[in-house]
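A quick write-up on the structure given underneath.
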Amino acid sequence: MTPSTLLTAGLETALNRYLRLDPGALTGLKTFSGKVIAVELQGLGLTLCFLPGPDGIQLTDVYTGPPDVLIRGAPLALFRQARSGRPTAAGDLEIEGDVPLGKDFQALLAGIHIDWEEHLSRWVGDAAAHQIGKAVSGIRSWGRTAIDTLLQNAGEYLQQEVRDLPPKGAMEAFLDAVDTLRADTDRLEARIRRLAPPET
Amino acid sequence: MAKETTDFGYQQIPAADKVHKVAAVFDSVASRYDLMNDLMSFGVHRLWKRFAIDLTGVRQGDRVLDLAGGTGDLTRRLARLVGPRGLVLLTDINAAMLNEGRGRLVDEGIAGNVAYVQADAEQLPFPDNTFDVITIAFGLRNVTRKDRALSAMHRALKPGGRVVILEFSHPVVPGLQPVYDLYSFTVLPLLGKLVVRDAASYRYLAESIRVHPDQDTLKSMLEQAGFDRCEYFNMTGGIVAAHRGYKF
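Line by line, the protein sequences are chains A and B.
Note that this note's numbering has the first sequence beginning at 821, numbered continuously upward.
Note that this note's numbering has the second sequence beginning at 133, numbered continuously upward.
Given below as structure tokens:
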């Protein structure tokens, strides 16, 4: 038995417990039945294969066949993508194979919504669960506002006061320009290859 | 001519009787088989089975024979791995165990790529070169003529196919044997008595493990049956071992 057997077994149990908290996510999994979604964690030398089915996801790090889709990226970029559902900077992730399948699966994971209040009400009753839910939601909202304000103030200070960082708009324009340059270089390379005399 | 005998735990019995005696054991424990496995192994049997499945290298579209598959623990995971284009045949010699497995898998919505056959591992009712993978988890120990079963598996595998045998074996970690013996011969029958009201079946389990071939003997039996690149992997200090062999 290898450590990866223990790791995948633990991950699979945790993932399925989490999925079962949102009945909508389990229903959504049915559409992925029979598919193999591989996620390669760059830098760790680990590829996890997700095999969804009606009762949850089967996870393995040993799959010898070709997956339907392979998503490759650094663990942090993959985690950020799965949590937010928003695309990260170009080049962070690579998807091979059935790209729409990969995107749909990622959207399913990002869209998991757990009604903690409902689950809590089974243990402490509706009224108490509602009060606890309201309190937690208030704390979370205050925390979010505080963090947003802090980030905004820090960002403005670094971008506009000391000018250590570029403004968001300029950064996006720069990334777009890099993407355009990359595409232009690829096209130019293809054209040069076409025009170059064939090797003998 | 002397009557052929075989082991049934520590007893020597006529070979023809073993199948009936083993059937009686499993008829008695079928309904609480999985619960007992969890209790006896502290849930670790799930990891052993998981590792055995990893060794099979099963992929989408494969045809898999899960011999002595009982309550369908391996088939459940194998069915997902072979996908809708593949097939898993869950077989067991014991009808009670097979019914238990079929009922459970159907209840879990696992259907379409799983079929059920009551079959004797020594006389597999399948054509030559049929399966990509054959698995047998905690079943070979109960087979009367293991050499015949291994030959039958070799015959039913496609060239390039592999067999994975998961079975109790012999501890290799120093100092583990006395603790394991104490556990097997005192705790197991007691658990059997409390949970399934059948201490004798679990005494048979402990005895049958002791008379089962050790790691190297089983490996050489696989080679004699025609398998190539035979190897084994010890788990939990050798209490369980997974053997793998290829047919080329």
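We treat Cβ as the ideally placed atom computed from N, Cα and C, and that holds for glycine.
The model shown is predicted, which means the values in this text are computed figures rather than measured ones.
Endpoints, beta strand (DSSP E) assigned at residue i
i, result
"L866/A", "L866 to G873"
"V220/B", "L219 to D224"
"Q980/A", "Careful: Q980/A lies outside any beta strand (DSSP E) and carries neither H nor E."
"R892/A", "V889 to G893"
"I297/B", "L289 to F300"
"N366/B", "D360 to M367"
"F263/B", "F263 to A269"
"R376/B", "V372 to Y378"
"A338/B", "Segment A331 to V343 is the alpha helix (DSSP H) holding A338/B; no beta strand (DSSP E) there."
"A247/B", "V246 to Q250"
Cross-chain neighbours of residue i in chain E, by beta carbon under 7 Å
i, result
"V882/A", "Although the question refers to chain E, the structure presented lacks it and instead comprises the protein chains A and B."
is_contact[residue i, chain B] using C-beta, thresh 8 Å
i, result
"G830/A", "no"
"V944/A", "no"
"D924/A", "no"
"Q862/A", "no"
"W874/A", "Looking at the sequence shown, residue 874/A is not Trp but Pro. Yes, its Cβ sits closer than 8 Å to a Cβ of chain B."
"L826/A", "yes"
"L879/A", "no"
"G854/A", "yes"
"L871/A", "yes"
"G917/A", "no"
"G865/A", "no"
"G848/A", "no"
"G885/A", "yes"
Contact set for residue i: own chain, Cβ-Cβ below 7 Å, skip 5 residues either direction
i, result
"A148/B", "none"
"D264/B", "D194, R195, V196, K290 and G293"
"S333/B", "V157, S160, V161 and G324"
Chain A contact for residue i (CB, 8 Å cutoff)
i, result
"R191/B", "yes"
"F174/B", "no"
"F183/B", "yes"
"P216/B", "yes"
"G241/B", "yes"
"R335/B", "no"
"R164/B", "no"
"L213/B", "yes"
"L179/B", "yes"
Same chain only: Cβ atoms within 8 Å of residue i, ignoring 5 sequence neighbours per side
i, result
"G963/A", "none"
"I877/A", "E832, L835, N836, L839, L849, F870 and L871"
"V928/A", "This sequence places Leu at residue 928/A; Val is not what is there. So the list reads A845, G848, L849 and F852, once near-sequence residues are dropped."
"L222/B", "D198, G201, G204, T207, L230, G233, R234, L237, V246, A247, Y248 and V249"
"D984/A", "L978"
"G189/B", "V265 and R294"
Sequence-distant residues of the same chain with beta carbon closer than 6 Å to residue i, five excluded per side
i, result
"A861/A", "Residue 861/A is actually Leu in this sequence, not Ala. Excluding residues within five positions, the ones whose Cβ falls inside 6 Å are P895."
"I959/A", "none"
"L219/B", "R195 and N245"
"L268/B", "Note on identity: in this sequence residue 268/B is Ile, with Leu being the wrong assignment. Closer than 6 Å at the Cβ level, and outside the excluded window around I268/B, lie L199, A200 and I297."
"Y883/A", "C869"
"K135/B", "P146"
"F258/B", "A288"
"H177/B", "N169"
First through last residue of the alpha helix (DSSP H) which encompasses residue i
i, result
"F994/A", "K988 to L1015"
"P310/B", "L308 to L314"
"L323/B", "L320 to V327"
"V859/A", "Run containing V859/A: none in the alpha helix (DSSP H); it sits in the beta strand (DSSP E), I857 to L861."
"D348/B", "Q347 to Q356"
"L206/B", "D205 to V214"
"P259/B", "No alpha helix (DSSP H) contains P259/B, which DSSP labels as neither H nor E."
"Y165/B", "Y165 to S173"
"G876/A", "Note, G876/A: premise wrong, no alpha helix (DSSP H); beta strand (DSSP E) at G876 to T880."
"L841/A", "Taken as a continuous stretch (DSSP letters only), L841/A belongs to no alpha helix (DSSP H), as it is neither H nor E."
"I185/B", "H177 to T188"
May I ask you to verify whether the segment 151 to 169 of chain B touches the segment 278 to 296 of chain B, counting CB pairs closer than 8 Å and requiring at least 3?
No, the segment 151 to 169 of chain B does not touch the segment 278 to 296 of chain B.
How do the segment 265 to 273 of chain B and the segment 310 to 328 of chain B stand: do at least 3 beta-carbon pairs fall below 8 Å, yes or no?
Judged by Cβ distances under 8 Å, the segment 265 to 273 of chain B makes no contact with the segment 310 to 328 of chain B, as fewer than three pairs qualify.
Going residue by residue through the segment 909 to 973 of chain A, where are the continuous alpha helix (DSSP H) segments of at least 4 residues, counting only ones entirely within it?
Complete alpha helix (DSSP H) runs here, min 4: 919 to 930 and 936 to 944.
I'd like to know if the segment 356 to 374 of chain B and the segment 169 to 184 of chain B are in contact, where contact means that at least 3 CB-CB pairs between them fall below 8 Å.
Judged by Cβ distances under 8 Å, the segment 356 to 374 of chain B makes contact with the segment 169 to 184 of chain B, as three or more pairs qualify.
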